[in-house]
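Per my numbering: the sequence shown = residues 1171 to 1931.
Structure first, then comments.
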Amino acid sequence: MSELPKTYDARAAEARWYAEWLEKGLFHGEAAAGGTPFCMVIPPPNVTGILHIGHALNNTLQDVLLRWRRMQGRNAIWVPGTDHAGIATQNVVERALKKEGRTRDDLGREEFLRRVWDWKTQYGDTIIRQLKKIGAACDWPRERFTMDEGLSRAVTEVFCRLYDEGLIYRGHYIINWCPRCGTALSDEESEHRPTRGKLYYIRYPIADEPGRFVVVATTRPETLLGDVAVAVNPRDPRYAAHVGRELRLPVLGRALPVIADDFVAPEFGTGAVKVTPAHDPNDFDMGRRHGLTPIVVMDGQGRMNEGAGPYAGQDRFACRKQIVADLEAAGLLEKIEDHDHAVGHCYRCDCVVEPRLSPQWFVKMKPLAQPALEAVRSGRIRFVPERWNKVYTEWMENIRDWCISRQIWWGHRIPVYTCAACEHEWAARAAPGACPTCGAGADRLRQDPDVLDTWFSSWLWPFSVFGWPEENADLKFYYPTQTLCTASEIIFFWVARMVMAGCKFMGDIPFDTVYIHGTVRDPQGRKMSKSLGNSVDPLTIVEKYGADALRASLMLLTATGQDVYISDEKFELGRNFGTKIWNAARFMQLHGATPPPDWAAPVFTADRLTSDDRHLLAKLDGAIAAATENLERFRFNDYAHTLYDFLWHDYCDWYVEYAKDILYGDDAARREHTRRVMHHVFSTALRLLHPLMPFLSEELWHGMGYGGADEYLLRAAWPAPRPADERAALGLTPDVVAYVDAKHELIRAARTLKSDLNIPP
Ligand SMILES: [Zn+2]
Ligand SMILES: [Zn+2]
């Protein structure tokens, strides 16, 4: 081996090792190899994604687990892939079209989809390349895409099964609608944010009592155009006499009944509320209870429609202004108050979500939720940290049907066909050539124009990636997977639904442990975002300090499941750690270019070991045990700190200093003995370090002469502490550790004293 250069060139080493690992197929696993499986599926990043610091944290955690389990001898694989991200990707391509002055309608469905696929081919692997930069040991030949052929087949299969079982149905329901994206959103995709708004108090004239009103408070006055009633609480004495009477809808003059419903909270506003079934989910339910016909007053772009009478064609917010002015002019506006409330925003484009009545497809969730709830209650699936069990359970207990149709083009098209000749409707696994009922030809058949919610493909991810519904050796061997590593934001979107899908279609849970990590925040505790300008770009950190510095810093700073506060400078922590290790290695090389022949498994005898040797060997055993236990318990930062403390303090600060006297001395036997201790301890520490800092450890593994050609750390064994009897025979006792610790303490005190009193050496 050649001498290590003075400084570690992270950039060159990382590119070189990653290419070599790939070339040797080190990350690949096969069912045929047998053994005990350890499988993880990546939370598939969106094809539109660019690696942000949250991805860096999420994927470093998975990479640490993968490498550690591999070294433990498990048949470990990490299955990668990307998500087609329906709305997000469509938005990206639509924005590009807009620059050309065109819309998706100008192109038509087929041409538009061709553009999206082009975009995907050109830019869709950005995030995959970036994952490789941070060292992700994914089984790349297994990479999947949620719209690839196999996964699309799984989606269609699942849809048809649920449809045929009656678990998928079409209903006219009020759903969250994004007027900008022009599509339905699931409840989870509508993010409720505290918003400063107004509460408008509007007078509804009583039909047969001129000059008298019922005052109704609303935050969205434009929706009054769709009112079909005014409701009060049946036990509210203020309105007892009004129930059953008739009011006049302001502006439009339509007659509205006053109805009594328990849902109305007497303490909100005036205690009387407008009922607008087509534009409010609670009103929709109320309308059903009272047999009222909804009136739709807005279109899919958030513009008022013909139902809005004189306001037809106005944008919803322009209409709000106009109607408030008109009410004021008519003397029907009592007052306006400031009002803080939660308003739904589209999680993709930030637009204010509009509740909208429309025909949509739904999945009945209650029957699917039962086994998924049981899996967590019984402890077969556990969340780490444990507090997420409760969050999951509560959501599952109150689960609502899942709106799965989206009015966009990019995604899995709903495989439901209708026959124009006989009105037969059915779900089919392949485009039908004729109507199965009346035999009408393909030209009379129409496929539903909508596509499925993006999560309808990702909820199948843990088994669709292996080729389900085909039964094969991989699926049998690697399913159920072991650990899922993800963020809390997608417990409902994704984790919970995967458990349901696994139980339903595989008859078994998809994973046994869900590790939920925290959020990366800036030093002020704010979430990182482009608009705040406070985000740390992981790729800039990789450029500047190297991937290992990024990884080690993230792990050192992130306590289990807690948020982490980070700025650019924090990454010096990992970089400095790497430099310290590098310098120790160079020092060792200075005293012998090749490690002693028995570096891997030296046999020490008690009589040769000094108390400092024993102290170091005992600390090494302790570090091995602690590192292993911390990884088993998902305490990633304790694992990182164990290595940091051992390598930095026990090894570099004390032992290397202690060894200097000997290595520069003239007792050849002592020199040789000390070198054996050092190489044994250092090479073992490199193995422990590999999951955390894969590149630096590999560079040193080979640079020091431990690993020959084809001998990579990923193939090396995870160290085990010395058995107790061997420890006792070598005198690696707590007494020795305490004695040397005390000695270190004394030296530290003496140094302080020396500098305090200015005593010359
Ligand atoms: Zn939107
Ligand atoms: Zn037919």
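Using N, Cα and C, we set each Cβ at its ideal position, and we do this for glycine too.
Fair warning: this is a prediction, and the values are worked out from it, not measured in the lab.
Cβ-Cβ distance between residue i and residue j below 7 Å
i, j, result
"GLY1472", "PRO1349", "yes"
"GLU1755", "LEU1870", "The amino acid at residue 1755 is misidentified as Glu; the sequence shows Ala. Contact flag set, yes."
"VAL1400", "ARG1415", "no"
"CYS1589", "LEU1622", "no"
"TRP1629", "ARG1667", "yes"
"TYR1685", "PHE1532", "no"
"VAL1851", "TRP1580", "no"
"GLY1688", "GLY1731", "yes"
"ASN1704", "ASP1718", "no"
"PHE1681", "PRO1207", "no"
"LEU1417", "VAL1443", "no"
"HIS1198", "ASP1309", "yes"
"PHE1329", "PRO1632", "no"
"THR1446", "ASP1453", "yes"
In DSSP terms, what residue i is bridged to
i, result
"ALA1425", "ARG1418"
"ALA1465", "Residue identity differs from the one stated: residue 1465 is Ile in this sequence, not Ala. Answer is none; ILE1465 lacks a bridge partner."
"ALA1442", "VAL1402"
"ASP1510", "ARG1366"
"ARG1576", "VAL1621"
"THR1588", "GLU1595 and ARG1616"
"THR1252", "PHE1315"
"GLY1341", "GLN1530"
"ASP1485", "ARG1473"
"VAL1384", "TYR1374"
"LYS1505", "TYR1371"
"PHE1553", "VAL1684"
Start-to-end residues for the beta strand (DSSP E) that takes in residue i
i, result
"TYR1370", "1360 to 1375"
"THR1656", "1653 to 1657"
"PRO1529", "1524 to 1533"
"ALA1908", "ALA1908 -> not in any beta strand (DSSP E); alpha helix (DSSP H) instead, spanning 1904 to 1926."
"VAL1826", "Per DSSP, VAL1826 belongs to no beta strand (DSSP E) and is neither H nor E."
"TRP1310", "No beta strand (DSSP E) contains TRP1310, which DSSP labels as neither H nor E."
"PRO1207", "1207 to 1211"
"ALA1354", "1353 to 1355"
The alpha helix (DSSP H) enclosing residue i, as first and last residue numbers
i, result
"MET1676", "Element bounds for MET1676: n/a, residue is neither H nor E."
"HIS1872", "1864 to 1873"
"MET1474", "Here MET1474 belongs to no alpha helix (DSSP H), and DSSP marks it neither H nor E."
"LYS1750", "1742 to 1760"
"MET1848", "1838 to 1859"
"PRO1281", "Note that residue 1281 is Glu in the sequence shown here, rather than Pro. Note, GLU1281: alpha helix (DSSP H), 1279 to 1293."
"PRO1537", "1536 to 1547"
"PRO1632", "1631 to 1634"
"HIS1785", "1781 to 1802"
"LEU1236", "1223 to 1241"
Cβ neighbours of residue i in the same chain (closer than 8 Å, five flanking residues each side left out)
i, result
"GLY1352", "GLY1470, GLN1471, GLN1577 and ILE1578"
"LEU1422", "LEU1395 and GLY1479"
"HIS1811", "LEU1726"
Residues of its chain near residue i, where Cβ-Cβ distance is below 6 Å and the 5 sequence neighbours each way are ignored
i, result
"THR1844", "ALA1829 and ILE1832"
"VAL1234", "PRO1861"
"VAL1413", "VAL1428 and ALA1430"
"PRO1451", "ILE1344 and PRO1525"
"ALA1306", "ASN1229 and ASP1233"
"THR1607", "CYS1592 and HIS1594"
"TYR1933", "With the chain covering 1171 to 1931 only, the question about residue 1933 has no answer from this structure."
"CYS1489", "GLU1392, MET1474 and TYR1481"
"SER1634", "LEU1321 and ALA1324"
Own chain partners of residue i with C-beta closer than 7 Å, once the 5 adjacent residues on each side are dropped
i, result
"GLN1540", "none"
"LYS1176", "none"
"ALA1183", "PHE1865 and GLU1869"
"ILE1954", "Nothing can be reported for residue 1954, as the shown portion of the chain is limited to 1171 through 1931."
"ALA1920", "none"
"ALA1890", "ILE1794"
"VAL1546", "ASN1559, TYR1562 and THR1563"
"VAL1910", "SER1781, ASP1782 and HIS1785"
Min CB distance residue i to chain C below 7 Å
i, result
"VAL1826", "Structure shown: chain C not included; a single protein chain is present."
- Message: Check whether the stretch 1257 to 1274 and the stretch 1206 to 1223 touch, using three or more Cβ-Cβ pairs below 8 Å as the test.
- Response: yes
- Query: Using 8 Å as the Cβ pair cut-off and three pairs as the minimum, do the stretch 1386 to 1393 and the stretch 1364 to 1375 touch?
  - Reply: The stretch 1386 to 1393 makes contact with the stretch 1364 to 1375, as at least three CB pairs between them are under 8 Å.
- Are there three or more Cβ pairs, one per stretch, closer than 8 Å when the stretch 1544 to 1560 is compared with the stretch 1353 to 1361? no
- Are there three or more Cβ pairs, one per stretch, closer than 8 Å when the stretch 1316 to 1325 is compared with the stretch 1233 to 1249? Contact between the stretch 1316 to 1325 and the stretch 1233 to 1249 is absent: fewer than 3 CB-CB pairs across the two stretches fall below 8 Å.
- Item | the stretch 1877 to 1897 in contact with the stretch 1807 to 1827 per 3-pair CB rule at 8 Å | no
- Item | Cβ contact check for the stretch 1326 to 1346 and the stretch 1266 to 1286: 3 or more pairs under 8 Å | no
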